[in-house]
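K.L.:
Chains A and B, in that order, give the protein sequences. Going left to right, the first sequence walks through residues 5 to 345 as the working numbering numbers them. Going left to right, the second sequence walks through residues 5 to 345 as the working numbering numbers them. Cβ atoms here follow ideal geometry from the backbone N, Cα and C, with glycine treated the same way. Got a structure for you, questions after.
There are 2 protein chains.
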Amino acid sequence: MTVSVQAVADRAGVSISTVSRALRGVPGISQTTRKRVRDAAVELGYVASPSASRLATGRTRTVAVVVPLLTKWFFAEVIAAAGRVLSREGYDVLLTELSTVELRAGFFASPRLHGRSDGALVVAMQLGSEELASLEAQGQVLALVGSESAGASSVRVEDRIGGRAAARHLINLGHERIAFVGLRAGPGSTLGGVPPAERLLGYREALAEAGFPSDPGLEHVVENTVDAGAAAMAALLTAEEPPTALVAASDEIAFGAMATLRGAGLSVPDDFSIVGYDNHELAGVVGLTTMDHGVAEQGRLAAEALVAALAGAPAAVGRIEPRLVVRGSTAPPRRLRAGSR
Amino acid sequence: MTVSVQAVADRAGVSISTVSRALRGVPGISQTTRKRVRDAAVELGYVASPSASRLATGRTRTVAVVVPLLTKWFFAEVIAAAGRVLSREGYDVLLTELSTVELRAGFFASPRLHGRSDGALVVAMQLGSEELASLEAQGQVLALVGSESAGASSVRVEDRIGGRAAARHLINLGHERIAFVGLRAGPGSTLGGVPPAERLLGYREALAEAGFPSDPGLEHVVENTVDAGAAAMAALLTAEEPPTALVAASDEIAFGAMATLRGAGLSVPDDFSIVGYDNHELAGVVGLTTMDHGVAEQGRLAAEALVAALAGAPAAVGRIEPRLVVRGSTAPPRRLRAGSR
DNA sequence: CTGAAAGCGCTTACAG
DNA sequence: CTGAAAGCGCTTACAG
């Protein structure tokens, strides 16, 4: 049924050792022999048994990609970008979604990756020290996106700078009452929460620099869903002195906020300005001005760092600086515009 | 470093055969022995080497999930749902994205899954007979979503019924000029194309039943992107006698169409009605009436059929009937509404 | 440059 | 119910 090294060896008239060496491209094999073996392998449709190679070498040449959720645009984008470099580099990708606290606990309670992958690319999960220790005890080389750990590769997004730039853009347009809706992990969520916090810090920084008084009533922290964004916007509209603009910590929050405004008969950006965060694939359609934090690039950089580390390179940390993408959801506030009624 | 069967055997005072049997739950082991072995394994933190088990048994207990694209909501949703049942059933999931024709050709040219997975769950790719043969030669048990093949499990979505229901809804509201924007694989795309065609057939069927003349000018076929949807809508608006409603073969097409209408100053649904297809996670925010074809369920059903087939059950074909989800993007045409100016 | 042999860590008839 | 031994299909020192 299945073609083994022995079959190739017979056909090429060499030993199995030679077949193994010839096919893996190790040096110390004559050109003619190598060619003969390769031809035989091709003719027979031979491909080494992964299980056998893995057992013999102790290396799996597979990377586990672990995410809290697969169904959010952000994660799919990161995984896709990472997966492309991993498979280009000859690694299999073992997909692991830890979408509930039970799943997460179970995953770290036993050495589930041991012998299955050589490394793990962990996306947007703040790993506890026991969790990190568990992964390391399982012999995993690590690459983190959205979190950091000494000795592990990671990609760091300058979210404070991003949050600051978003708020700055609105300030520059003339807005003075600017709200912020940030992200919080929901109950039962396995998402980490540090980067969003940095976005909030950047927002506060910009306001302070502009000399605006800090106003806790302008800051909301909600789950990362469209509905939560819609609800937060609604709450903001009930304030004594409502804001004229919003920095949303994600595009999904922004989408929800836009829906609420539309429902209230308010126009974006004529009556209200919004800056999102992500540059979601659908941000363009709705004309959302947003912070692009190179989502695909996060995945790519992490995968590249992991591949390098698996080849013996020291852990590396990548850096991404978010940049503003101006579309139609931001404009000067009504009071500053000529011709406004 | 790594704990082997031998270590567990020593600690439990039995042979390695007994350890293996006790841990895998095979019958013919005394309760006391089994417990002793299990305790020893836990104390030692032992977990069998996957490579070794795979080599010995010839089974990998992993399933390859192959998709044309990871970054579309549809695929992420299907994979997530499938992945949850697969890992619940103890299978590893090997992720394979074939996003270009080169990648696809390379994948099928060599037995890339051989010895890596016991089965493959293939999403939305019309596999050619050579491709199917390749997979079978690699010993893969198959489950297909969005395509069918004799002997393979699959889940069939009644897209003709769905397309018909969408058009019907508009007809019932009183529309008489109803356009259709369908899906086509773009250049270099690896997407299959049969299900979308069925949606078109259903649409035509509904129009014929209503006695409307068929009008090719009302039918467009484009790539499945928001931009293509926007462009198609724009083209429709230039017709001599423009339609008053649209059946979009995907929600992304519908999103694009809505953007075009908004840009043209037309109101949905006051001036124009739209029915989408998918029930995309963001369909709710924009108030899109759409056909829900149980995307997550497609993944779940396929995975369940695959797991069953891997356990020896005969191939099964699941069936999903799309259902209309009415939101705010559809209404009677202007001419039928009282109080319209 | 090439081959014989040991070893990777399991599973599974075969005996008892 | 339990154990000794062969075998799964590779890789890799070790000799030559």
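What residue does the beta strand (DSSP E) around Ala189(B) start on, and which one ends it?
P.N.:
Neither: Ala189(B) is in no beta strand (DSSP E) and is coded neither H nor E.
K.L.:
In terms of alpha-carbon separation, which member of His118(B), Val290(B), Arg331(B) and Ala317(B) lies closest to Ala141(B)?
P.N.:
That would be His118(B), whose Cα lies nearest to the Cα of Ala141(B).
K.L.:
May I have the straight-line CA-CA distance separating Ala84(A) from Val127(B), to the nearest angstrom?
P.N.:
Distance between the alpha carbons of Ala84(A) and Val127(B): 16 Å.
K.L.:
Could you tell me the boundaries of the beta strand (DSSP E) in which Glu106(A) lies?
P.N.:
Segment Val105 to Ala113 is the alpha helix (DSSP H) holding Glu106(A); no beta strand (DSSP E) there.
K.L.:
When you compare the segment 212–225 of chain A with the segment 298–314 of chain A, are there three or more beta-carbon pairs, one atom per stretch, that lie closer than 8 Å?
P.N.:
Counting Cβ pairs under 8 Å, fewer than three are found: no touch.
K.L.:
At 7 Å on the CB atoms, spell out the chain A contacts of Ile165(B), in chain order.
P.N.:
Residues of chain A passing the Cβ test: none, with the nearest at roughly 26 Å.
K.L.:
Would you say Ser91(A) reaches chain B, if we count a Cβ-Cβ gap shorter than 9 Å as a contact?
P.N.:
Yes, Ser91(A) lies at the interface with chain B (some Cβ there is under 9 Å from its Cβ).
K.L.:
Quick one: residues in its chain with C-beta nearer than 6 Å to the C-beta of Arg181(A), no 5 flanking neighbours on either side, listed in chain order?
P.N.:
Counting only Cβ-Cβ distances below 6 Å, and skipping sequence neighbours, we find Pro247 and Thr248.
K.L.:
Any beta carbon of chain B sitting closer than 9 Å to that of Arg338(A)?
P.N.:
No, Arg338(A) lies away from the interface with chain B (no Cβ there is under 9 Å from its Cβ).
K.L.:
Would a C-beta distance cut-off of 9 Å place Gly17(A) and Arg40(A) closer than the cut-off?
P.N.:
Against a cut-off of 9 Å, the Cβ pair of Arg40(A) and Gly17(A) comes out as a contact.
K.L.:
Could you spell out the range, first to last residue, of the beta strand (DSSP E) harbouring Ala52(B)?
P.N.:
Run containing Ala52(B): none; DSSP gives neither H nor E here.
K.L.:
Compute the Euclidean distance between the alpha carbons of Val145(A) and Ala156(A), then round it to the nearest angstrom.
P.N.:
Rounded to the nearest angstrom, the two C-alpha atoms are 7 Å apart.
K.L.:
Name the one or two DSSP bridge partners that His224(B) has.
P.N.:
Partner(s): Val185(B).
K.L.:
Run through chain B and tell me which residues come within less than 9 Å of Leu98(A), C-beta to C-beta.
P.N.:
Here the neighbours are Thr66, Asp96, Val97, Leu98 and Leu99.
K.L.:
Could you pull the DSSP bridge partners for Asp96(A) from this structure?
P.N.:
The partner list for Asp96(A) (beta bridge, DSSP) reads Thr66(A).
K.L.:
Kindly confirm or deny that the segment 21–37 of chain B and the segment 85–102 of chain B touch, where touching means at least three C-beta pairs closer than 8 Å.
P.N.:
The segment 21–37 of chain B vs the segment 85–102 of chain B: no contact.
K.L.:
On a Cα-Cα basis, can you pick out the residue from Leu292(A), Leu204(A) and Arg188(A) that is closest to Ala335(A)?
P.N.:
For the residues Leu292(A), Leu204(A) and Arg188(A), the minimum Cα distance to Ala335(A) belongs to Leu292(A).
K.L.:
Flag Arg345(B) as yes if its beta-carbon sits less than 9 Å from any beta-carbon of chain A, otherwise no.
P.N.:
Summary for Arg345(B): the model assigns pLDDT 44, below 50, so the residue's position carries little reliability; its value from the coordinates is reported in the next sentence. False, the Cβ-Cβ gap to chain A never drops below 9 Å.
K.L.:
On the premise that Arg323(A) lies in contact with Arg160(A), defined as a C-beta separation below 8 Å, what is that separation, rounded to the nearest angstrom?
P.N.:
Right, the Cβ-Cβ distance comes to about 5 Å (below 8 Å), so this counts as a contact.
K.L.:
Quick check on the burial criterion: 16 or more other C-beta atoms within 10 angstroms. Buried or exposed for Asn283(A)?
P.N.:
That one is buried.
K.L.:
Please classify Gly94(A) as buried or exposed, where buried requires at least 16 other C-beta atoms within 10 Å of its C-beta.
P.N.:
Gly94(A) should be labelled exposed.
K.L.:
Rounding to the nearest angstrom, what Cα-Cα distance links Val4(A) and Thr242(B) in this structure?
P.N.:
Residue coverage of chain A in this structure runs from 5 to 345, which leaves residue 4(A) outside it and unanswerable.
K.L.:
Show which residues of chain A have a CB atom less than 7 Å away from the CB atom of Gly119(B).
P.N.:
Chain A residues near Gly119(B): Ser53, Pro54 and Ser55.
K.L.:
Using the three-state DSSP reduction, which class does Leu2(A) fall into: helix, strand or coil?
P.N.:
Outside the shown range of chain A, which is 5 to 345, sits residue 2(A), and nothing can be said about it.
K.L.:
I believe Ala253(B) touches Ile278(B) by the beta-carbon criterion, under 8 Å. Please report the beta-carbon distance rounded to the nearest angstrom.
P.N.:
Not really, about 12 Å apart at Cβ, beyond 8 Å.
K.L.:
Here's a check: name, in chain order, each residue in its chain whose Cβ is nearer than 6 Å to the Cβ of Phe111(A), leaving out the five neighbours to either side.
P.N.:
Excluding residues within five positions, the ones whose Cβ falls inside 6 Å are Leu102.
K.L.:
CA-CA distance, Thr66(B) and Glu301(B)?
P.N.:
Cα-Cα distance, rounded: 21 Å.
K.L.:
In angstroms, rounded to a whole number, what distance separates the CA positions of Arg92(B) and Thr104(B)?
P.N.:
Looking at the two C-alpha atoms, the distance is approximately 31 Å.
K.L.:
Beta-carbon of Ser103(B) versus every beta-carbon of chain A: anything under 9 Å?
P.N.:
Chain A, which has a Cβ nearer than 9 Å to the Cβ of Ser103(B), makes this yes.
K.L.:
Give the secondary structure of Arg331(A) by DSSP, where H, G and I count as helix, E and B as strand, and everything else as coil.
P.N.:
Reduced to three states, the DSSP call for Arg331(A) is coil.
K.L.:
Output the boundary residues of the alpha helix (DSSP H) element that contains Gly303(A).
P.N.:
Val299 to Leu314 is the extent of the alpha helix (DSSP H) around Gly303(A).
K.L.:
Listed from N- to C-terminal order along the chain, which residues in the segment 240–266 of chain B have their beta-carbon within a distance smaller than 7 Å of any beta-carbon of chain A?
P.N.:
Answer set for the segment 240–266 of chain B: Phe259, Gly260 and Ala263.
K.L.:
Taking a cut of 8 Å between CB atoms, which residues from the segment 26–50 of chain A lie near chain B?
P.N.:
Those would be Gly49, in chain order.
K.L.:
Which residues in the same chain as Gly123(A) place their Cβ atom closer than 8 Å to its Cβ, once the five residues preceding and following it in sequence are excluded?
P.N.:
So the qualifying residues of the chain are Val67, Ala68, Gln144, Val145, Leu146, Ala147, Leu310, Ala313 and Leu314.
K.L.:
Can you confirm whether Leu328(A), when its beta carbon is compared against all beta carbons of chain B, has any partner nearer than 9 Å?
P.N.:
Not one chain B Cβ lies under 9 Å of Leu328(A).
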